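Visitor: This structure is in structure tokens; I'll ask about it shortly.
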Amino acid sequence: MIRFILRRLGQGLIVVFCVSIVVFSLSWVTGDPAALILPPEATPAQIEEFRKAMGFDRPILVQYWDFLTGAITLDFGKSLMQGTDAMQLVLERLWPSLKLALVALTASIVIAVPLGMISALKRGTIFDQVARVLALIGQCAPNFYVGIVLILVFAVNLRMFPAIGDPSLKGIVLPAVTLGLYAAAETMRLLRSGMLEVLGEDYVRTARAKGVAERWVLLKHALRNAAIPVITVMGLQLNTMMGRAVVTETVFGYPGMGMLAVRAINNRDFIVIQAFVIVMAVVVVALNLIVDLIYSRLDPRISVSD
Amino acid sequence: MTDQNTTVPANPERRERSAVPSRWRQLVTSPASLFSLLVLLAVGLSAIFAPLLAPHDPLAQNLLERNMPPFWLEGGSTAHLLGTDALGRDLLSRIIYGARISMIVGVATVVIQTGLGVTIGLIAGYRRGWVDTIFMRIADVWLAIPFLVLAIAVAVLFGPGLINTVLVLGLVGWVTYARVVRAEVLSVREREFVLAARTMGVKAMPTIWRHILPNVMASILVVATLQVSRMIIAEASLSFLGLGIQPPEAAWGSMIADGRDRLSQQWWLATMPGIALLMTTLAINLLGDTLRDILDPKLGKRGARP
Chain A
16 MIRFILRRLG
26 QGLIVVFCVS
36 IVVFSLSWVT
46 GDPAALILPP
56 EATPAQIEEF
66 RKAMGFDRPI
76 LVQYWDFLTG
86 AITLDFGKSL
96 MQGTDAMQLV
106 LERLWPSLKL
116 ALVALTASIV
126 IAVPLGMISA
136 LKRGTIFDQV
146 ARVLALIGQC
156 APNFYVGIVL
166 ILVFAVNLRM
176 FPAIGDPSLK
186 GIVLPAVTLG
196 LYAAAETMRL
206 LRSGMLEVLG
216 EDYVRTARAK
226 GVAERWVLLK
236 HALRNAAIPV
246 ITVMGLQLNT
256 MMGRAVVTET
266 VFGYPGMGML
276 AVRAINNRDF
286 IVIQAFVIVM
296 AVVVVALNLI
306 VDLIYSRLDP
316 RISVSD
Chain B
303 MTDQNTTVPA
313 NPERRERSAV
323 PSRWRQLVTS
333 PASLFSLLVL
343 LAVGLSAIFA
353 PLLAPHDPLA
363 QNLLERNMPP
373 FWLEGGSTAH
383 LLGTDALGRD
393 LLSRIIYGAR
403 ISMIVGVATV
413 VIQTGLGVTI
423 GLIAGYRRGW
433 VDTIFMRIAD
443 VWLAIPFLVL
453 AIAVAVLFGP
463 GLINTVLVLG
473 LVGWVTYARV
483 VRAEVLSVRE
493 REFVLAARTM
503 GVKAMPTIWR
513 HILPNVMASI
523 LVVATLQVSR
533 MIIAEASLSF
543 LGLGIQPPEA
553 AWGSMIADGR
563 DRLSQQWWLA
573 TMPGIALLMT
583 TLAINLLGDT
593 LRDILDPKLG
603 KRGARP
């Protein structure tokens, strides 16, 4: 087990290292990073001066080495718009973002698991039909649009929640629902089809024949197995969620990493964007490792040792 | 999944199946897929014939007719069926022209992604060995950065605009195809007809082209259909953040962003383009689900549909 975790951590490090190369080279793909950062009306003399000041005139490998050694010590340089440490800016916003994602994920599971189970058990009924249509809509709806509709209904008209999101109890509800809707829809659909498949299996029939109470048949024998595909996609779901959080945070003005990144983009603050993408990669790799550990717990067939 | 391409009339199983309606007939008989075909037809026609269908010029401003509500509300007029925005531009005409942008982006990005992803998937799956390892490691790194975050980072470099947005989304989204195609190729390449072709000395390229590609086509088609809707949403998200299609161009995402600031006064400005966007993605997803049922009966039997 420990060897598995260590090996996965090693792989994660390699991935993050490669992401750092991607992030670094991104600023070179279009040519001169100085021209990218400075406004288009900057004069050639200004660009030249800026290149010197930022060290963009040195050989590219030297620059990458600086970038990499800086990255290891979490030093990406100073934010161009705020003058403070870019990494610190991002890390300050890491917890609000994680909190939003975790609340959204928890909410999606709490809503989707009962819905998916009832939908499968009452297959073909009105309940099932409505739940499936809702799930389909939830999967297709762009989340910034969901956010806007929620603001319109619950903040502007009903005045139940604030239109501007924040990590407080009341402020996180609308952003979390917006962000969790897609995951809830996907979980519900997967769990429904998983349950339908599992309910026909021999071990469920055996459990019932043994006289196990129906509640336990469903929870222990059926749900545990039907949940496996749900956990499989959970890593992917978290990944998508972190991406969609950028848009959701912007819609609600929620003070997370995503909103910081969008503001950095609008200000051409490339240093903050670099720090943001790296932190994002670390978060995704870490979350995936956690999901894999849960997965191996749930499904003993998946051996973690190989 | 493979017997689609061979016609063996004498096969008894086939004859039996022909007594029931062909699976392809689902496309026009099931209400869900009929709905999706009708919506897509409407969106497609709007996209192609936008100049003929739109009642007004989508960019023409008329400050005397600003902020008009839809015709069924107090103060609306049938001259502007869905009302006008803050600059007096006709909302319906803008939505019709917006269909054009969404369709171009959806189709063009998916063509680029398919070309890139399928080629990589075919080569990686067929060659295996170090080629496979390298491509799949690159895919891992790619997946460590959420799609939207990567798209945003690249979009900053490419700059806004229709062509740039298509390029960004096209280049960023190949991984899904590469992984699906590779997994399929790994199993198809061990099948007898491929082994036979190889034994007879058919070279790699003709083998891939004539024997492997046709057998992975079904999966590619399903993935590509679902990707069209994901890419339309991604473009709308980028435009919403101000990184995709720029104003005054009528793209659904930027129209929703415009309307967002006026939610409490003119709710329709954000809501109407959102409905168009939601309907389109819903229709594409329904079509994708139906196609999956038709092309991969194995999945259907597992209870994904009743």
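Taken in sequence, the protein lines are chains A and B. For the first sequence, the residue numbers in the working numbering are 16 to 321. For the second sequence, the residue numbers in the working numbering are 303 to 608. Every residue, glycine too, gets a C-beta built ideally from N, C-alpha and C. Please read all numbers here as calculations on a predicted model, not as lab measurements.
Taking the alpha-carbon of Asp392(B) as reference, which of Leu336(B), Val530(B), Pro360(B) has the nearest alpha-carbon?
Guide: With distances taken between Cα atoms, Asp392(B) lies closest to Pro360(B).
Visitor: Hey, does Gln6(A) have any beta-carbon neighbour from chain B nearer than 8 Å?
Guide: Past the boundaries of the shown model lies residue 6(A); chain A is included only from 16 to 321, so the question cannot be answered.
Visitor: Which of the three DSSP states, helix, strand or coil, is assigned to Thr386(B)?
Guide: Reduced to three states, the DSSP call for Thr386(B) is strand.
Visitor: Which residues in chain B sit within 7 Å of Ile6(A), going by Cβ to Cβ distance?
Guide: Lying outside 16 to 321, the shown extent of chain A, residue 6(A) is not represented and no answer is given.
Visitor: Could you tell me whether the stretch 290-301 of chain A touches the stretch 106-122 of chain A, using the rule of 3 or more Cβ pairs below 8 Å?
Guide: Flag = yes, the stretch 290-301 of chain A and the stretch 106-122 of chain A touch.
Visitor: Could you give the distance in angstroms between the alpha-carbon of Ser311(A) and the alpha-carbon of Ile20(A)?
Guide: Whole-angstrom Cα-Cα distance: 12 Å.
Visitor: Go ahead and pull the three-state DSSP assignment for Lys93(A).
Guide: Strand, per DSSP.
Visitor: Give me the subset of the stretch 447-464 of chain B whose CB atoms are less than 9 Å from a CB atom of chain A, sorted by chain position.
Guide: If the cut-off is 9 Å between Cβ atoms, the stretch 447-464 of chain B has Ile447, Pro448, Phe449, Leu450, Val451, Leu452, Ala453, Ile454, Ala455, Val456, Ala457, Val458, Leu459, Phe460, Gly461 near chain A.
Visitor: Is there a C-beta anywhere in chain A that falls below 8 Å from the one on Asn307(B)?
Guide: Residue placement at Asn307(B) is flagged as unreliable, the pLDDT there being 46, under the threshold of 50; a coordinate-derived value is accordingly withheld.
Visitor: What does Val105(A) reach in chain B if we use C-beta pairs closer than 9 Å?
Guide: Those do not exist, as Val105(A) stays about 12 Å from chain B at its closest Cβ, beyond 9 Å.
Visitor: For Val261(A), I'd like the list of residues in its chain whose CB is within less than 7 Å of its CB, leaving aside the five on either flank, ordered along the chain.
Guide: Closer than 7 Å at Cβ, skipping near neighbours: Gly273, Ala276, Val277.
Visitor: Starting from Phe460(B), trace the alpha helix (DSSP H) in both directions and tell me its first and last residue.
Guide: Where Phe460(B) is concerned, the enclosing alpha helix (DSSP H) stretches over 449-460.
Visitor: Compare the C-alpha of Val443(B) against each of Phe285(A), Ile309(A), Ile29(A), Arg23(A) and name the closest.
Guide: When each option's Cα is compared against that of Val443(B), the closest is Ile29(A).
Visitor: Would DSSP call Ser208(A) helix, strand or coil?
Guide: Helix at Ser208(A).
Visitor: Got a sec? Which residues, its chain only, sit under 8 Å from Ile558(B) by beta carbon, not counting five neighbours each side?
Guide: Only Ala538, Phe542, Ala572, Pro575, Gly576, Leu579 meet the Cβ criterion.
Visitor: Quick check on DSSP: helix, strand or coil for Asp392(B)?
Guide: Residue state, collapsed to three classes: strand.
Visitor: At least one CB of chain A closer than 8 Å to the CB of Val443(B): is that the case?
Guide: Yes, Val443(B) lies at the interface with chain A (some Cβ there is under 8 Å from its Cβ).
Visitor: I'd like to know whether the C-beta of Arg396(B) is nearer than 8 Å to at least one C-beta of chain A.
Guide: With 8 Å as the cut-off, Arg396(B) does not count as an interface residue toward chain A.
Visitor: Taking the C-alpha atoms as reference points, what is the distance between Ala340(A) and Thr84(A)?
Guide: Residue 340(A) is absent from the model: chain A starts at 16 and stops at 321.
Visitor: Per DSSP, Asp100(A) forms a beta bridge with which residues?
Guide: Answer by DSSP bridge pairing, in chain order: Lys93(A).
Visitor: Give me the Cβ distance between Asn281(A) and Leu445(B), rounded to the nearest whole Å; I'm assuming they're in contact under 8 Å.
Guide: Not really, about 27 Å apart at Cβ, beyond 8 Å.
Visitor: Since Ile152(A) and Leu584(B) should fall inside the 8 Å C-beta cutoff, what is the C-beta to C-beta distance between them, to a whole number of angstroms?
Guide: With a Cβ gap of about 7 Å, Ile152(A) and Leu584(B) count as contacting.
Visitor: Sort Arg481(B), Ile406(B), Gly390(B), Val468(B) by Cα distance to Phe437(B) and report the nearest one.
Guide: With distances taken between Cα atoms, Phe437(B) lies closest to Arg481(B).
Visitor: Mind checking whether Gln97(A) and Leu104(A) have CB atoms under 8 Å apart?
Guide: Yes.
Visitor: Which residue from Ala279(A), Cys155(A), Val128(A) puts its Cα closest to that of Thr322(A)?
Guide: No statement about residue 322(A) is possible, as the shown extent of chain A runs from 16 to 321 and does not include it.
Visitor: Can you list, in chain order, the residues of the stretch 513-546 of chain B whose Cβ is nearer than 8 Å to any Cβ on chain A?
Guide: Listed by position, the residues of the stretch 513-546 of chain B near chain A (Cβ gap below 8 Å) are Ser531, Ile535, Ala538, Ser539, Phe542, Leu543, Gly544, Leu545.
Visitor: Does any C-beta atom of chain A lie closer than 8 Å to the C-beta of Asn587(B)?
Guide: It does; some Cβ of chain A falls within 8 Å.
Visitor: When DSSP labels each residue in this structure, what does Arg316(B) get in the three-state scheme?
Guide: Low confidence applies to Arg316(B): its pLDDT is 46, below 50, so where it sits in the model is not reliable enough to give any reading.
Visitor: Hey, Leu167(A) and Leu189(A) are a contact pair by Cβ (cut 8 Å); roughly how many whole angstroms apart?
Guide: Going by Cβ atoms, the distance from Leu167(A) to Leu189(A) rounds to 11 Å, so no, they are not a contact pair.
Visitor: In whole angstroms, what separates the C-alpha of Leu233(A) from that of Arg439(B)?
Guide: Straight-line Cα distance between these residues: approximately 40 Å.
Visitor: Taking Met533(B) as the reference, give the member of Phe449(B), Thr435(B), Gln567(B) with the closest Cα.
Guide: The option with the nearest alpha carbon to Met533(B) is Phe449(B).
Visitor: By how many angstroms is the C-alpha of Thr509(B) removed from the C-alpha of Asn313(B)?
Guide: The pLDDT assigned to Asn313(B) is 46, lower than 50, so where the model puts this residue is not dependable, and the model offers no usable value.
Visitor: What does DSSP give as the partner residue(s) for Ser521(B) in the beta ladder?
Guide: For Ser521(B), which the question treats as bridged, DSSP gives no partner whatsoever.
Visitor: Roughly how many angstroms lie between the CA atoms of Thr380(B) and Phe373(B), to the nearest whole one?
Guide: Each residue's Cα considered, the two are about 5 Å apart.
Visitor: Cβ of Ala191(A) within 8 Å of Cβ of Met256(A)?
Guide: Cβ atoms of Ala191(A) and Met256(A): not closer than 8 Å.
Visitor: List the residues of chain A whose Cβ lies closer than 7 Å to the Cβ of Ser566(B), in chain order.
Guide: Under the 7 Å cutoff, chain A gives Val171.
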